[in-house]
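Protein chains: 6
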Amino acid sequence: MSERVQQFKEEREKLNAIVLAREDLNVKRFFGIDTAVYREGALDARTKELLGLVGSLVLRCDDCVAYHTIRVKELGVGDQEFDEVMSIGLVMGGSITIPHLRRAYRLWEEMKA
Amino acid sequence: MSERVQQFKEEREKLNAIVLAREDLNVKRFFGIDTAVYREGALDARTKELLGLVGSLVLRCDDCVAYHTIRVKELGVGDQEFDEVMSIGLVMGGSITIPHLRRAYRLWEEMKA
Amino acid sequence: MSERVQQFKEEREKLNAIVLAREDLNVKRFFGIDTAVYREGALDARTKELLGLVGSLVLRCDDCVAYHTIRVKELGVGDQEFDEVMSIGLVMGGSITIPHLRRAYRLWEEMKA
Amino acid sequence: MSERVQQFKEEREKLNAIVLAREDLNVKRFFGIDTAVYREGALDARTKELLGLVGSLVLRCDDCVAYHTIRVKELGVGDQEFDEVMSIGLVMGGSITIPHLRRAYRLWEEMKA
Amino acid sequence: MSERVQQFKEEREKLNAIVLAREDLNVKRFFGIDTAVYREGALDARTKELLGLVGSLVLRCDDCVAYHTIRVKELGVGDQEFDEVMSIGLVMGGSITIPHLRRAYRLWEEMKA
Amino acid sequence: MSERVQQFKEEREKLNAIVLAREDLNVKRFFGIDTAVYREGALDARTKELLGLVGSLVLRCDDCVAYHTIRVKELGVGDQEFDEVMSIGLVMGGSITIPHLRRAYRLWEEMKA
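Residue numbers (this note's numbering), protein chains in the order written: chain A, 1 to 113; chain B, 1001 to 1113; chain C, 2001 to 2113; chain D, 3001 to 3113; chain E, 4001 to 4113; chain F, 5001 to 5113.
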């Protein structure tokens, strides 16, 4: 596992623990649905993670892009498929997505190494 | 074909014709890439249109949502698959996507009728 | 009730019915949380609707602005309070919120008439 | 003056009058700055309106795009200059700006007719 | 005062000083309104800061979220009230607000420590 | 050349190299158009970079703001012109652009030093 991926996962877990230690029910319920929508269904989990990836890219959310990039790699998405998702996000969201696209590719290449 | 779909397509073509009648090369080239990224590749056209749909929903672009909703219907996407894309977009983009989600479902039901 | 408010409510209910007729559980659960977060709690319902209003304005969601404008009026929010929420949203979200702010004020004045 | 331009200006003035009839000082002050930043300065008014136009396009604000399209036409901006602003906005903001770009071109052509 | 809060305040002041050292009147006037809209009025300062907080969260502006989180803590907002603002922002802005929500909660807990 | 500018340029080149090493044609074509739209045309390169700058500011893309800030400085844009672009972006995009505006001014002052 690349160092960047490991750091990302640790930071994410640590902060999620802070959020979920709160007693607020609604935030917890939201996190529940956020997990549920990516579960295998009529669409397989792989396609759903690709949907999450392109949505994250066009919304320019770095942490979300990193999360879904890691997930699609874990689920066996290949280079060309990754390129095609990136290019759809780039055309849809425009050149302002490029800084996020660059960091997504850096992470992707590090995971392949 | 539902009346709303027909009106949408006519309006879209009429305005695209105005844009593409211009002599600017860059806009034309952009439109070219915008077509190219949705072509069958490592990912099939159906998956790519679903990516376009979820991106359009989270970016809250009504015309884009309508366009991709029509496209995925034409490519044989089923009710449950459509629901799953909508729910990912909704959770990712939040309640402010609801007005767009409502209109997407209205169009979807009209196309089924 | 102003004509515009009535039309808004009818359209909203009709389209919500289409969405909620679907069998997808996640969309329904999301709608459930979306109702729950505005319920009286440590913060009263009035303050929560003002939070919904300012969020809708800065995100430039016309239907959301209309919905929360109607709600805060129903809960007895006064002219000056409404102005103050609008001005915070305007300064935060910038001049691109002005078209939405204009329509919010038109609705507000019609409800007072 | 094209019919669409006339309707746009009338609607805008009518709603601005509602907003500015309020006693809230901050909204009025904001409107004041919003006028001031486009005044002739180190940059001429024409360049400033082009800046307003490209900003409106990438932020996908139809009313703002219409307003600045009318303004740049009034200030003598030519076809090719308009195309170049549109193409920068399109590349920067991506395909989700296309519905707004289409309507901007329709307005532009109507003003030339 | 937590170390993170102190660093945030120092950085913010240092950079604001650079901006306000400029001779441009419009930026200064904007900063003036930005202060004015949060002043005690028909709505109290506390409610206004909560409005600023939820707006910052849905717009996903980390510095703005940090600023208003510090302010509401200084004004005596309690845990449950903070949770309720966070959950409204989360539902409204969707899962892409989660990275910002996480950092807001980390700051909140550090200020309580 | 300021240290921050140098670091920015090195990072950008390194990551662009990763992206452009991929075999995906569409991303490459997009990068091509992204260069083309800023070339001297009916509008000069200086005006086009100012358009890129204001668009980047209202879209709150830090890397894009940095890139265009460096470019306009290289093309001889003066202090007052820079201020005017910043103030248009600020009024259009609202107070949420302030963190980006601050960092743009810091970079600007460092380049002047």
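Each residue gets a CB set at the ideal place from its N, CA and C atoms; glycine is no exception.
Distance between residue j and residue i (C-alpha atoms, nearest Å)
i         : j         : result
D/Asn3026 : B/Lys1112 : 50 Å
C/Ser2087 : B/Tyr1105 : 34 Å
F/Trp5108 : F/Ile5070 : 8 Å
C/Val2005 : F/Thr5097 : 34 Å
E/Phe4082 : D/Arg3060 : 32 Å
C/Asp2063 : B/Pro1099 : 7 Å
F/Ser5035 : F/His5068 : For the record, residue 5035 of chain F in the displayed sequence is Thr; it is not Ser. Roughly 12 Å between the two C-alpha positions.
D/Leu3075 : E/Phe4030 : 27 Å
A/Val72   : A/Leu43   : 14 Å
D/Ser3002 : D/Arg3103 : 14 Å
B/Phe1008 : D/Arg3039 : 39 Å
F/Val5065 : B/Gly1089 : 29 Å
C/Glu1962 : E/Ala4045 : Residue 1962 of chain C is absent from the structure shown; chain C starts at 2001 and stops at 2113.
A/Gly94   : A/Leu101  : 11 Å
F/Gln5080 : F/Thr5047 : 14 Å
C/Glu2110 : D/Lys3028 : 21 Å
E/Ile4018 : D/Ile3018 : 38 Å
Burial state of residue i, where buried means 16 or more other Cβ atoms lie within 10 Å
i         : result
E/Gly4032 : exposed
D/Gly3078 : exposed
D/Glu3023 : exposed
B/Glu1010 : exposed
C/Ala2021 : exposed
Cβ-Cβ separation, residue j to residue i (assumed contact under 8 Å), whole Å
i         : j         : result
D/Val3037 : D/Met3092 : With 8 Å as the limit, D/Val3037 and D/Met3092 do not qualify as a contact, their Cβ atoms being about 20 Å apart.
A/Gly55   : B/Gly1055 : 6 Å
Under 8 Å, with one C-beta from each stretch per pair, do the stretch 5048-5063 of chain F and the stretch 3006-3015 of chain D reach the 3-pair mark?
no
Sequence ranges, alpha helix (DSSP H) only - wholly within the stretch 1033-1110 of chain B, length at least 4:
1045-1058, 1062-1074 and 1079-1093
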